[in-house]
Amino acid sequence: MMITIVVISILAMLFSVAAVPKGITLDSFAHIPGKGYVAVFNIKGEWKSSELWGFVVASRHRQLDMDCHFRDDNKVSCVAYGGIADFEGRVVKLVVYGYAFSVTVPGQN
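The sequence shown begins at 692 in the numbering used here and counts up by one.
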């Protein structure tokens with residue numbers, strides 16, 4: 692009986708997969724002609740589409756929406772809407788699922 696428990700425990704350790712903790716890092720933030728301001732994030736761990744909500748904190752009283760989607764290269768792409776160009780050259784905060792990133796709004800090329 693004890694040997695069976697030990698063997699099952701060893702097999703469980705060998706075949707169990709530890710979940711990779713979630714993480715997200717900013718890869719780039721740029722103005723893409725015809726698309727708008729796009730932020731690209733590298734993701735780590737298992738993410739669901741419902742977790743890809745985001746917004747931009749442009750000033751104390753102004754919050755702008757971001758539309759985020761998975762890409763095929765294990766990245767997330769978010770497009771910022773609502774007049775973010777008004778903040779060109781200023782620092783804003785991009786927030787995705789509670790992770791915040793300070794960026795300077797680049798010029799439109």
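Heads up, the beta-carbon is just placed ideally off N, CA and C, and yes, glycines get one too.
Secondary structure of residue i, DSSP reduced to three states
i	result
Asp756	strand
Asp718	strand
Contacting residues, own chain, Cβ-Cβ under 7 Å from residue i (five flanking each side not counted)
i	result
Val786	Gly745, Phe746, Val748
Tyr716	The amino acid occupying residue 716 in the given sequence is Thr; Tyr does not appear at that position. If we look at Thr716 and ignore the five residues flanking it on each side, its Cβ neighbours are Phe732, Asn733.
C-beta contact flag for residue i and residue j at 9 Å
i	j	result
Tyr790	Gly727	no
Ala730	Phe778	no
6 Å CB neighbourhood of residue i in its chain, flanking five on each side removed
i	result
His752	none
Phe720	Ala730, Val794
(message) In chain order, what are the residue ranges of uninterrupted beta strand (DSSP E) at least 3 long that sit wholly in the segment 719-794?
(response) 727-735, 744-750, 753-761, 766-771, 782-787
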